[in-house]
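The structure appears right after this line, and notes come after that.
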Amino acid sequence: DWLIESLIETGANMMQPGIFLLPRHIVERAGPWNESLSLIDDFEYMVRIITNSEKVLFCEEARLMYRSGLQNSLSGKNSANHMASALKSLQLGVSQILRTRNDAITRQACANTYQRWSFQFYPKYKIMYEELQQEITKLGGSNTPIIGGRVFLMMSKVVGWKNVKKLKILLRGKES
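Using the working numbering, the first residue of the sequence shown is number 81, and each one after it goes up by one.
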């Protein structure tokens, strides 16, 4: 199952909608884009698309180019509303996955997806972070390590990743 395989290793859920060529009947069956979401709205939508498909075919020769790293892009937003949208998108997507398939490997993939995102909620959105941690526990736990640069990872081994994030905020003078 492509969806579970793409999430199990690290919980990486980069599903840029342009990577899929979608038959109209699948789009209609999955339903419309959830316009109440802003940040990672494509995760929830593409989970619905994939879980309403019989299979995903891979075309090795296909290429997709898109712009990333743009200042003021939606993916770079982290206001309370944007992060609440990310949380809601994750919850909707994971619920859809578990309705379709609910075995140990699927629960691990969902927990890893939650864990990967939970790092971005701490410490600024601690309540949302804790909500994700509860969901991860219900799913049986995650084996996804914290992701960061070399210095961040080295310091995390000494003082813990939460303390390193707090220190980073203090040094930069803002939350990130």
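We put the beta carbon where it would ideally sit given N, CA and C, even for glycine.
Source: prediction; values computed, not measured.
Proximity below 8 Å, CB of A184 to CB of S222: Result no, Cβ atoms of A184 and S222 do not sit closer than 8 Å.
Compare the C-alpha of V136 against each of I99, I207, M145, E124 and name the closest. If we check each option's Cα against that of V136, I99 comes out closest.
Residue range of the alpha helix (DSSP H) that T131 falls in? According to the DSSP assignment, T131 belongs to the alpha helix (DSSP H) that extends over 121-131.
Measure the CB-CB distance between Y194 and I216 and report whether it falls below 8 Å. In contact: Y194 and I216 (Cβ atoms closer than 8 Å).
Residues in its own chain within less than 6 Å of K218 by CB, not counting five upstream and five downstream? Cβ within range, chain order: n/a, list empty.
Just curious, the alpha helix (DSSP H) that V190 is in, first and last residue? With the sequence shown as reference, residue 190 is identified as Cys, and Val is not the correct amino acid for it. 184-201 is the span of the alpha helix (DSSP H), which, as asked, contains C190.
When DSSP labels each residue in this structure, what does P112 get in the three-state scheme? In the three-state scheme derived from DSSP, where H, G and I count as helix and E and B as strand, P112 is classed as coil.
When burial is assigned at 16 or more other CB atoms within 10 Å of the CB, is L87 buried or exposed? With 16 or more other Cβ atoms within 10 Å, it is buried.
Under a Cβ-count criterion, where at least 16 other Cβ atoms within 10 Å of its own Cβ denotes burial, should E124 be classed as buried or exposed? That one is buried.
Boundaries of the alpha helix (DSSP H) in which V205 is found, first to last residue: Checking the sequence shown, residue 205 turns out to be Tyr, not Val. Counting along the chain, Y205 falls outside any alpha helix (DSSP H), and DSSP gives it neither H nor E.
Which of the three DSSP states, helix, strand or coil, is assigned to N158? DSSP places N158 in coil when its eight states are reduced to three.
Buried versus exposed, by CB contacts within 10 Å (16 or more), Q188: Classification for Q188: buried.
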